[in-house]
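Protein chains in written order, with full-length UniProt numbering: chain A, 1 to 342; chain B, 1 to 342.
Only one structure is covered here, and it is reproduced in the block below.
2 protein chains.
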Amino acid sequence: MFLRGAFRALALNRNLTPIAVRTFASKQREVPALTCDRYPVQRGSFAELTDDDVAVFRGILGGADTSRVLTAADEVQDYNIDYLRSVRGYGRVVLKPRTTAEVAELLRYCNERRLAVCPQGGNTGLVGGSVPVFDEVVLSLQLMDTIERIDEYSGIVVCQAGCVLATLEEQVGARGLVMPLDLGAKGSCHIGGNVSTNAGGLRLVRYGNLHGSVLGVEAVTAEGRVLDLMSNFKKDNTGYHLKHLFIGSEGTLGIITRLSMFCPTASRSVNVAFLGLHSYDDVKRTFLAAKRGLGEVLSSCEMIDAASLDSCTRFFGLQSPIDKYPFYMLIETSGSDAGHDE
Amino acid sequence: MFLRGAFRALALNRNLTPIAVRTFASKQREVPALTCDRYPVQRGSFAELTDDDVAVFRGILGGADTSRVLTAADEVQDYNIDYLRSVRGYGRVVLKPRTTAEVAELLRYCNERRLAVCPQGGNTGLVGGSVPVFDEVVLSLQLMDTIERIDEYSGIVVCQAGCVLATLEEQVGARGLVMPLDLGAKGSCHIGGNVSTNAGGLRLVRYGNLHGSVLGVEAVTAEGRVLDLMSNFKKDNTGYHLKHLFIGSEGTLGIITRLSMFCPTASRSVNVAFLGLHSYDDVKRTFLAAKRGLGEVLSSCEMIDAASLDSCTRFFGLQSPIDKYPFYMLIETSGSDAGHDE
């Protein structure tokens, strides 16, 4: 509940529309069935959490009266249910480290005790991957939200994995830069989760995927070993590029705790066109024409079919700006010169 | 010698200036000392090549009278000396497979026999990494130069690793696309070598590094296993991204045999500015101004110091277009609209 409040506050502070922020699951709505009751899944042979384990966690995260170890059922529930309310785990404890060293110590202990761990970022995923399936310990990166450095010359930002994407966007934007990815959940998703899931998003057509943008990661493996794969050099081509294994591996190889990312220069002029098209062939033709005619200023090119648009306009009570067509396209350009727009 | 001829022909056919083509070492010039005589290096405990091995290689590569197994000393020598003529190995055989299956069969055999292998692309590297140190078997990808597919909609090219960069550039250029990398050796370097060494090149500032551009690779490991890590989907974010381990691993994990790469849309208008600057601070200021003012059309931004420019003009008998300065910058823009130039 306090989380929902926090995210609301965040939304208001940043002038984001409520739609852009995915809040944690609301308690007013029905609690979904347990994942293990709905699906034929089998718990691995992991240990069960004891009070002694919780005491150790408290010791690592600030002592007996810490607020960084949650065990109250109503507090823990939010971390067990995904955004779509389609799955639910029954994890009994949520851990909130602030530093890489704390993450390492927690994982080392869990590994020795054979306690299963579910790393969690903004819990905005739509495929149920961010919550426990059974009783995994939830390791939330919410408090690891320090932006360490933004270099306007090189365009490089270095930050902890729990930074919210929209916060980063705001901070790098103030220095004339832009985050190379943008997606619907930006008001609450974490950059660490974006990288761990190799999120694509709306700017992929312009700035490429995260394998090109992420310059380095720091990650902690399951046995608590810290891997320093950080680099602040865009042309770095020394050694094996192990950081790429962590991009998209969804926490299975370790937890990303810090990262450095290249941010392109922000565009001063942004234009959006929304088109209706008669056929899929027209969509293809328009795509090619946009690539060729708009070239380097083309920043986004998305196709929407009639059924998708209908369900969006109905669900959100909106009205389409143009008449009915079987296909629609959203084309965004962003350039440095407003006079160069069509 | 036939190679030198071939590359010359290539240069003339494609209207490349001779400077753009790095030919194989000329026999007219002095033969460098053996690497193992010049440096304190120790040969590993590998087997020595026998006539039986050569017979097996001939069997794999087209039978007894094959032209794809070189053993004549003067033919093999070209593959033992690097472009800068700074190192020399004494490999006794050069193998020229045409297919991935042949590469796999050759590596499987060499692994069983414990014969060391040196994979070789265009042999244009400047650090001696492309030639044997001792008597390694040279596996040249020269004949694996098939371009399988160029898709002008998606901008994806699929080709064998031995394709020459300039050939690819010409072929994708004919379809309105551009290779995302460009470098001095393009007239003879292979795309497989570019990827294996994670070559940066002149277009990195615009199109990012190869981790972003390479969509998939097919590679053969030392024991002859073919890894299919091909993908033709720019947004592919499934599974572990093992292909990135091969980008920049310089043949140590296996030999890249095929790859797919994303090629951006070619720019219609290219402009180059060559500036003289009074200080390094001015260089930094100009870099930032170029990034902000030129934004998305900035395609290249290189700094040259006075000593480098002097040695270039002297060596090539050229004249600098501007007076003497301590620093120079080469700034290239490429955009879709010529009217938008300064």
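Beta carbons are placed, not taken as given, at the ideal position from N, Cα and C, and that holds for glycine.
Review point. Terminal residues of the continuous alpha helix (DSSP H) containing residue 343 of chain B?
Key: Missing from the structure shown is residue 343 of chain B; chain B here goes from 1 to 342 and no further.
Check your understanding: Are there 16 or more other CB atoms within 10 angstroms of the CB of Val41 of chain B, so buried, or fewer, so exposed?
Key -> exposed
Practice item. List the residues of chain B whose Cβ lies closer than 9 Å to the Cβ of Leu245 of chain A, in chain order. Key: Tyr240, His241, Leu242, His244, Leu245
Check your understanding: Which whole-angstrom value describes the C-beta separation of Leu34 of chain B and Pro97 of chain B, a residue pair presumed to lie in contact below a C-beta threshold of 8 Å?
Key -> Not confirmed; about 27 Å, so no contact.
Exercise for review: Give the straight-line distance between the Cα atoms of Glu148 of chain A and Asp182 of chain A, rounded to the nearest whole angstrom.
Suggested key: 21 Å
Point to revise | Entirely enclosed beta strand (DSSP E) segments - the segment 171 to 222 of chain A, minimum 3 residues | key: 214 to 220
Review point. What is the DSSP secondary structure of Leu253 of chain B, reduced to helix, strand or coil?
Key: coil
Check your understanding: At which residues does the beta strand (DSSP E) containing Tyr328 of chain B begin and terminate?
Key -> 327 to 335
Review point. Out of curiosity, what's the CA-to-CA distance linking Arg8 of chain A and Ser188 of chain A?
Key: Interpretation of Arg8 of chain A is limited by its pLDDT of 33, a score under 50 that renders its predicted location unreliable; the figure taken from the coordinates is listed afterwards. Near 10 Å, if we compare the C-alpha coordinates of Ser188 of chain A and Arg8 of chain A.
Practice item. Compare the C-beta of Asn209 of chain A against all C-beta atoms of chain B and say whether one is closer than 8 Å. Key: yes
**Study point:** Whole-angstrom C-beta distance between Gly121 of chain A and Gly224 of chain A, which should lie under 8 Å
**Key:** The Cβ separation is near 20 Å, so there is no contact.
Review point. Do the CB positions of Ile331 of chain A and Ala290 of chain A come within less than 8 Å of each other?
Key: yes
Check your understanding: By Cβ distance, which residues of its chain are closer than 6 Å to Cys118 of chain B, with the 5 residues on each side in sequence left out?
Key -> Pro132, Glu136, Val138
Check your understanding: How is Leu288 of chain A classed by DSSP in three states: helix, strand or coil?
Key -> helix
Check your understanding: Does any CB atom of chain B fall closer than 8 Å to the CB of Tyr328 of chain A?
Key -> no
Practice item. Assign Phe274 of chain B to one of three DSSP states: helix, strand, or coil. Key: strand
Exercise for review: Could you tell me which chain A residues have their CB closer than 8 Å to the CB of residue 348 of chain B, listed as they occur along the chain?
Suggested key: Residue 348 of chain B is absent from the model: chain B starts at 1 and stops at 342.
Review point. Is there at least one Cβ from chain B nearer than 8 Å to Lys96 of chain A's Cβ?
Key: no
Practice item. Just confirm the distance between the C-beta atoms of Glu296 of chain A and Val297 of chain B, as a whole number of angstroms; I'd bet it's less than 8 Å. Key: 6 Å
Practice item. Report buried or exposed for Tyr280 of chain A, applying the criterion of at least 16 other Cβ atoms within 10 angstroms of its Cβ. Key: exposed
Check your understanding: What's the gap between the Cα of residue 343 of chain B and the Cα of Gly239 of chain B?
Key -> Shown here, chain B extends from 1 to 342; a query on residue 343 of chain B therefore has no answer.
Check your understanding: How many Å lie between Met329 of chain B and Phe315 of chain B at the Cα?
Key -> 20 Å
Exercise for review: Return yes when the C-beta of Gly89 of chain A is under 7 Å from any heavy atom of the ligand MG, and no when it is not.
Suggested key: Looking for the ligand MG in the displayed structure turns up nothing, as the structure carries no ligands at all.
Review point. Can you tell me whether residue 418 of chain B is buried or exposed, with buried defined as 16 or more other CB within 10 angstroms of its CB?
Key: Chain B is shown from 1 up to 342; residue 418 of chain B falls before or after that span and cannot be answered.
Review point. Hey, Asp145 of chain A and Val164 of chain A: beta-carbon distance below 8 Å or not?
Key: yes
Check your understanding: If you drop the 5 nearest sequence neighbours on each side, which residues of the same chain put their C-beta closer than 8 Å to that of Glu169 of chain A?
Key -> Val178, Met179, Asp182, Lys186
Exercise for review: Taking only the alpha-carbon atoms, compute the straight-line gap between Ile255 of chain B and Gln319 of chain B and give it to the nearest angstrom.
Suggested key: 42 Å
Practice item. Tell me, please, whether the segment 206 to 223 of chain B touches the segment 207 to 217 of chain A by the rule of three or more beta-carbon pairs shorter than 8 Å. Key: yes
**Study point:** Residue environment, Lys324 of chain B, which counts as buried when at least 16 other CB atoms sit within 10 Å
**Key:** exposed
**Study point:** Straight-line gap, Val54 of chain A to Leu245 of chain A (C-alpha atoms, nearest Å)
**Key:** 32 Å
Practice item. To the nearest angstrom, report how far apart Asn123 of chain A and Lys284 of chain A are at their CA atoms. Key: 35 Å
Review point. Do you know offhand how far Ala161 of chain B's Cα is from Val93 of chain A's?
Key: 51 Å
Exercise for review: Check Thr100 of chain B in the structure and name its three-state DSSP category.
Suggested key: helix
Practice item. Spell out whether any CB of chain B is found under 8 Å from the CB atom of Gly212 of chain A. Key: yes
Point to revise | Within-8 Å CB hit, Arg292 of chain A to chain B | key: yes
Review point. In three-state terms, what does DSSP make of Arg149 of chain A?
Key: strand
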